[in-house]
Ligand code: PEP
């Protein structure tokens, strides 16, 4: 059985006081209101991760994720954060290949393959983001483009390694724009990605792979998106910054 996950990507938002308030609100609401087997991953900015851990019960429903990490384990990379550092403070997941990092920091599929490797080597789980631009969606082979992102960054892994990877399909045209993929568009892509994974690793692995949808998901549209058979949860940006709304999104997946 694949995991249901709702992850919140806070991006570069919140002061320290605001971050602590949001953490404590979300953790309490999840404890009081969420049932079922959904896992919640909170991805605050790096600088708050150590403090965030104090709000989280180890082995519980809520875990911590980072928004990125460097592809090397240590060294002269001023300003960067490594996978072993994240592992040493109790982080469990790392978002890799978010479209903002691909766009503004020029991360490539090859570099992301290295990041995936270092994250897995240190016992962390990558939330690997993929997705097409609006131009590709309207004029190109968007399905082939997204499959290729997965091929180039993930298909060198063994099946055992791949079992620790979470995929997040995030069409770039839907991120932060208020334009959500329709539930049918999300389902089509997730179904094809699962088939692509089955082609490489076999059906059992593909059926066990968690594939999240991201892109303007919120408390109004989450239930319909999550009702699709191949949509296993969400990677949530804007709506994860409000405790009530984020908890409602989680409840739509429980
Ligand atoms: C994201 O950036 O991962 C995301 C899905 O953002 P939003 O929900 O704000 O579109």
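Numbering (the working numbering), first residue to last: 9 to 262.
Backbone N, C-alpha and C fix where the C-beta goes; we use that ideal spot for every residue, glycine too.
Got a sec? Which residues, its chain only, sit under 7 angstroms from residue i by beta carbon, not counting five neighbours each side?
| i | result |
| --- | --- |
| residue 144 | 150 and 153 |
| residue 45 | 12 |
| residue 63 | 31, 32 and 35 |
| residue 18 | 51, 52, 53, 248 and 249 |
Which residues in the same chain have their Cβ closer than 6 angstroms to the Cβ of residue i, if we skip the five residues on either side of it in sequence?
| i | result |
| --- | --- |
| residue 252 | none |
| residue 167 | 209 and 213 |
| residue 260 | 230, 231 and 234 |
Classify residue i as buried or exposed, calling it buried when 16 or more other Cβ atoms lie within 10 Å of its own Cβ.
| i | result |
| --- | --- |
| residue 187 | exposed |
| residue 136 | buried |
| residue 76 | buried |
| residue 110 | buried |
| residue 123 | buried |
| residue 226 | buried |
| residue 113 | exposed |
| residue 229 | buried |
| residue 26 | exposed |
| residue 222 | buried |
| residue 207 | exposed |
Do the CB positions of residue i and residue j come within less than 9 angstroms of each other?
| i | j | result |
| --- | --- | --- |
| residue 28 | residue 59 | yes |
| residue 201 | residue 175 | yes |
| residue 96 | residue 178 | no |
| residue 156 | residue 117 | yes |
| residue 180 | residue 141 | yes |
| residue 121 | residue 57 | no |
| residue 47 | residue 255 | no |
Tell me which residue opens and which closes the beta strand (DSSP E) that residue i is part of.
| i | result |
| --- | --- |
| residue 79 | Unbroken run through residue 79: none, as it is neither H nor E. |
| residue 56 | Looking at the DSSP string, residue 56 is not in any beta strand (DSSP E), and its letter there is neither H nor E. |
| residue 101 | 101-104 |
| residue 71 | 70-74 |
| residue 134 | 133-138 |
Leaving out the 5 sequence neighbours to the left and right, which residues in its chain are closer than 8 angstroms to residue i when beta-carbon positions are compared?
| i | result |
| --- | --- |
| residue 49 | 13, 14, 15, 16, 70, 71, 72, 73, 100, 101 and 135 |
| residue 82 | 90 and 92 |
Measure the beta-carbon distance from residue i to residue j and round it to whole angstroms, keeping in mind my assumption that it falls under 8 angstroms.
| i | j | result |
| --- | --- | --- |
| residue 198 | residue 158 | The Cβ separation is near 12 angstroms, so there is no contact. |
| residue 236 | residue 171 | The pair is not a contact, with the Cβ atoms about 22 angstroms apart (cut-off 8 angstroms). |
| residue 79 | residue 119 | 6 angstroms |
| residue 240 | residue 219 | 5 angstroms |
In terms of residue numbering, what span does the alpha helix (DSSP H) encompassing residue i cover?
| i | result |
| --- | --- |
| residue 156 | 150-162 |
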